[in-house]
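Okay, structure first, notes after.
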Amino acid sequence: MGADAVDLARLAGLELDPWQEYALNKALGVGEDGKWAAYEVAIVTQRQNGKGSILEALQLAALFLWGERLIIHSAHEFATAQESFQRVRSLIEGCGVLSREVAHIYTSNGKEGIKLKNGNRLQFKARSRKSARGFTGSRIIFDEALFLPRQFLGAVMPTMAAVSKTGNPQLWYTSSTGLADSEVLEGLRTRAVTGENAGSLCYLEWSTKSWDEMTVSERSHWDDDRAKWRADPEVWREANPAFEIRISADYMQKELASEMSDIDFEREHLGIWERIGGDSLIPVDVWQSLANEKSQPGENIVLALDVPPSREQAFIAMASIRDDGKTHLELVDTADGLAWITPRLQQLQRKYRPEAIVVDAQSAAGSLLPELKANRVRTLQISGRDYAKACGQFYDAVREKTLVHLDDPLLNEAIEAGRMKPVGDSLWRWARKDITTNISPLVAVTLAVWGLQRGEMKRISKENRGKVRI
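Residue 311 in the numbering used here is what sits at position 320 of the sequence shown, and the numbering runs on without skipping anything.
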């Protein structure tokens, strides 16, 4: 079907680049049932590479070849939708074979569209809350998907479900590189990268590996100089499929020398996404300043268990008051699966005689509580509200620099991935920056610190009981 779209575009005077033909062929595969193999298609690449031409070829084929009754092209802004309409209109009016099939071209502001004599329609719309429930086409295109809100998509999906029972619908998302709040686009990318809930998704992205993700060995190719990497034409080529076709090296050099910031250049021209979910709540430099690989626990010890939602592994953490009054943090153990947890906690209970082993009963670890109880592992359960308080207490302890950790890579990664999720008016809890990250080590040490502080408060209360205040 992709080849048909390419041929029709050529008939209309639109000659596609090899990468554009590749994208259409991948996106328009058909399954054994005769329906689209991909229910969702996402194409992400930098501006000026020619995503719009892919959509023009797609819309011509859907309208004239495949008999789709209603195709809706939506954009974040009205001007973008109108520009797309004018390009498709020009292609049709410039081709006699196609123009003779047209019944009417609508040009009123906000109602731009093309209707064929057989009743097939192509509409161009700007997205708004009011327009969401009117999106009932057999093919819906979300251009500028980096600005697509999840609420809007949520209003569209039920209408597509009804169409899928009798028709052959397909959703398309086209976009330049995502912003920090591009929640729908982020979700598509994460599904593609992880394979989780990927369903029938065709995801095509052109970008280069970010500097921050590279190893020392990889950076050495540019003498560990980020500016050299940013100015490398081969890096430009990797991130821009139309490099030296539509985008010249001279243009890229001028952009690099302009007043555009380095971060903006990397996002606009290299496909480097803004940090999803915003910055880490705990700054890396602050956390690193608390590292001490020689730190040792004191006498009072609390353990904590956390299991991530995937249930693929578990983490046991320790918190302990040192002789200098600071709190020692440590990841005691981690392993894949859950079968090892009970015997390991039994061993640790005998070894350390902890004041408590904290478990969040509402988390994935909560399912282990009956087994732990049956094997005489004494646990302290934390409520949802107390857990929210514990997150704030941990954050305060980091800011006040009363914690010491062993510079464990797993815990460091979890700290970097930790984000704030509000709970009620004044509380919050830890959340992941995206589904590819694991904050379970952070949750485990947070629970351990809460258990330790709870024990300290009880001791202070007991010591003060019966004292006469003057």
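By construction, the Cβ of each residue, glycine as well, lies at the ideal position given by its N, Cα and C atoms.
Cα-Cα separation between residue i and residue j, rounded to whole angstroms
| i | j | result |
| --- | --- | --- |
| Arg445 | Trp163 | 52 Å |
| Gly268 | Met243 | The predicted model places Gly268 with a pLDDT of 47, which falls under 50 and marks its position as unreliable; any figure quoted below should be read in that light. Each residue's alpha carbon lies about 29 Å from the other. |
| Ile62 | Ala52 | 11 Å |
| Leu2 | Cys86 | 7 Å |
| Asp8 | His67 | 26 Å |
| Ser249 | Thr168 | 20 Å |
| Asn366 | Val298 | 19 Å |
| Thr185 | Glu404 | 18 Å |
| Pro361 | Arg390 | 37 Å |
| Ala0 | Val79 | 10 Å |
| Gly328 | Ala305 | 7 Å |
| Ile307 | Gln353 | 17 Å |
| Ala(-6) | Ser99 | 34 Å |
| Glu174 | Arg130 | 22 Å |
| Val434 | Leu402 | 10 Å |
| Lys106 | Ile273 | 55 Å |
| Gly20 | Pro288 | 60 Å |
| Leu443 | Trp419 | 20 Å |
| Thr150 | Leu113 | 17 Å |
| Asp223 | Glu74 | 33 Å |
| Glu177 | Asp216 | 29 Å |
| Ala408 | Asp276 | 14 Å |
| Phe143 | Gly128 | 15 Å |
| Ala388 | Ile430 | 18 Å |
Three-state secondary structure (DSSP) of residue i
| i | result |
| --- | --- |
| Cys382 | helix |
| Thr325 | strand |
| Arg460 | Low confidence applies here, because Arg460 scores a pLDDT of 46, under 50, leaving its location unreliable; read the following figure in that light. Arg460: coil per DSSP, three-state reduction. |
| Leu113 | strand |
| Ser44 | helix |
| Arg1 | helix |
| His260 | helix |
| Trp331 | coil |
| Glu196 | strand |
| Trp57 | coil |
| Asp203 | helix |
| Met148 | helix |
| Ala296 | Strictly speaking, residue 296 in this sequence is Leu, with Ala absent from that position. Reduced to three states, the DSSP call for Leu296 is strand. |
| Ala439 | helix |
| Tyr164 | strand |
| Ser75 | helix |
| Ser211 | helix |
| Ala189 | coil |
| Ser65 | strand |
| Arg130 | strand |
| Asp216 | coil |
| Gly268 | Model confidence at Gly268 stands at a pLDDT of 47, short of 50, so the residue's coordinates are unreliable; what they give is reported in the following sentence. Gly268: coil per DSSP, three-state reduction. |
| Gln37 | coil |
| Asp351 | strand |
| Gln287 | coil |
Which residues DSSP lists as bridging residue i, in chain order
| i | result |
| --- | --- |
| Lys412 | Arg420 |
| Val154 | Answer by DSSP bridge pairing: none, since Val154 is not bridged. |
| Leu394 | Thr318 |
| Gly104 | Tyr97 and Gln114 |
| Ser311 | Ile292 and His319 |
| Ala282 | His396 |
| Glu31 | Leu162 and Leu192 |
| Phe306 | Asp297 and Thr325 |
Distance CB(residue i)-CB(residue j) smaller than 9 Å
| i | j | result |
| --- | --- | --- |
| Glu284 | Ser311 | no |
| Glu31 | Leu192 | yes |
| Ile254 | Gln39 | no |
| Ala33 | Glu135 | no |
| Leu438 | Ala381 | yes |
| Trp441 | Asp377 | yes |
| Ser286 | Glu321 | yes |
| Leu247 | Phe234 | no |
| Ser166 | Ala117 | no |
| Gly145 | Asn109 | no |
| Trp264 | Leu170 | yes |
| Thr333 | Val368 | yes |
| Thr36 | Ala240 | no |
| Arg182 | Ala189 | yes |
| Asp351 | Gln384 | no |
| Ile406 | Ser271 | yes |
Proximity test, Cβ basis, 9 Å: residue i and chain B
| i | result |
| --- | --- |
| Gly22 | Although the question refers to chain B, the structure presented lacks it and comprises just one protein chain. |
message = Quick check on the DSSP output: what are the complete alpha helix (DSSP H) runs of length 4 or more inside the segment 219 to 244, in order along the chain?
response = 224 to 230
task = Tell me the start and end of each unbroken beta strand (DSSP E) in the segment 353 to 381 that is at least 3 residues and wholly inside, in chain order.
result = Runs of the beta strand (DSSP E) spanning 3 or more residues and lying entirely within the segment 353 to 381 occur at 371 to 373, in chain order.
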